[in-house]
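As structure tokens, the structure follows; a few thoughts come after it.
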Amino acid sequence: MTTALAALAAPRAILFDLDGTLADTAPDLAAAVNLLRTTRGLAPSDYQLLRPTASAGARGMIGVAFGLTPEDDGYLALRDGFFDNYAANIADRSTLFDGVPELLAGIEAAGVQWGVVTNKPKRFTDPLLPLIGLDHAACSISGDTTAHAKPHPAPLFEAAARLGLDPRDCWYVGDDLRDIQAGKAAGMPTIAAGWGYCGPHKPLDWQADRVLNDPLALLALMQESL
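6 is the number of the first residue of the sequence shown in my numbering; add one for each residue after it.
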């Protein structure tokens, strides 16, 4: 971004979305929904069509693979099957994005906390984090930790409370419009993770405080603010 932008206040914590922000989980999510198709005698869906919707979880995967929404008949059965498939192979091919390990190490070295705030259900968040090297997060908030999921700010308020911080002292980083909406509603500076999935939307249209295309650019931004 340009130097004309107002400087961001130094964070005491940086909170991250999970799928498409810290971790590239699309291969395992796509495999779970394509197993639903192949067991029904259907050809697998094109991975390049599935990948951009990975941040939307079951709703996004089933929407592309079967053309159904949560309001449609048959969706719930497919969702349950998708969840079972995903739980059985949750980290076969999921990895951290390039630069994320260095980013988190730099955040910790600066004495800043970091945590995860995801809409992924706790059923999946808790086993996944240690398998991909994120079990040292200062806090982990799942989509069912509070009564509301993003874009509601409740999960971000919960994360800040667990860290003992004012929400305004936290940055929130995510690759979906809902992440930016939640961060703004919580009063947090927001960073759009342009390296993530981003769905059908363009991060430049989300009115985030910054749009970054590389995890290490976030590290540089944090260091500039301290």
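For every residue, glycine included, the Cβ atom is placed at its ideal position computed from N, Cα and C.
Since this is a predicted model, take the numbers as computed values, not measurements.
- Task: Check G86 in the structure and name its three-state DSSP category.
- Result: helix
- Message: With DSSP as the reference, identify every bridge partner of S145, one or two as the case may be.
- Response: V121
- Query: Looking at C-alpha atoms only, which residue of P160, D77 and G116 is the closest neighbour of P126?
  - Reply: P160
- Message: I need the DSSP call for A28, collapsed to helix, strand or coil.
- Response: strand
- Query: Going by Cα to Cα distance, which pick from Q53, A115 and R215 is closest to M193?
  - Reply: R215
- Query: By Cβ distance below 6 Å, which residues in the same chain neighbour P156 in space, the five residues on each side in sequence not counted?
  - Reply: R183, Q186 and A187
- Compare the C-alpha of I19 against each of G201, D171 and P208 and name the closest. D171
- Task: Sort out for me which residues DSSP pairs C175 with in a bridge.
- Result: A18
- Item | Local Cβ density within 10 Å of K189, reported as buried at 16 or more and exposed below that | buried
- Among the residues of its own chain, which have a CB less than 6 Å from the CB of L136, if the five just before and after it don't count? A96
- Which of helix, strand or coil DSSP assigns to R64: helix
- Rounded C-alpha distance that separates G65 from Q118: 31 Å
- Item | Outcome for N218 when other beta-carbon atoms lying within 10 angstroms are tallied against a minimum of 16 | exposed
- Going along the chain, which residues of its own chain have a beta-carbon closer than 6 Å to the beta-carbon of P57, five neighbours each way excluded? Y202 and G204
- Message: By the three-class DSSP mapping on this structure, what secondary structure does L13 have?
- Response: coil
- Message: Output needed for S230: all residues of its chain with C-beta closer than 8 Å, excluding positions within five of it in sequence on either side, in chain order.
- Response: A12, L13, A14, A15 and P16
- By a C-beta neighbour count over all protein chains shown, 10 Å radius and 16 as the cutoff for buried, is T7 buried or exposed? Bear in mind that a pLDDT of 38 at T7, under 50, signals an unreliable position, so the number given afterwards is only what the model happens to contain. T7 is exposed by the Cβ-count criterion.
- Query: Taking just the CA atoms, how far does L134 sit from N124?
  - Reply: 14 Å
- For L108, which option in A191, A213, H206 and L27 has the closest C-alpha, if you only look at C-alpha atoms? L27
- Query: Roughly how many angstroms separate the alpha carbons of D22 and A48, rounded to a whole number?
  - Reply: 31 Å
- Task: Please look up how many angstroms separate the CB atoms of L41 and N90, rounded, as I've assumed it's under 8 Å.
- Result: 7 Å
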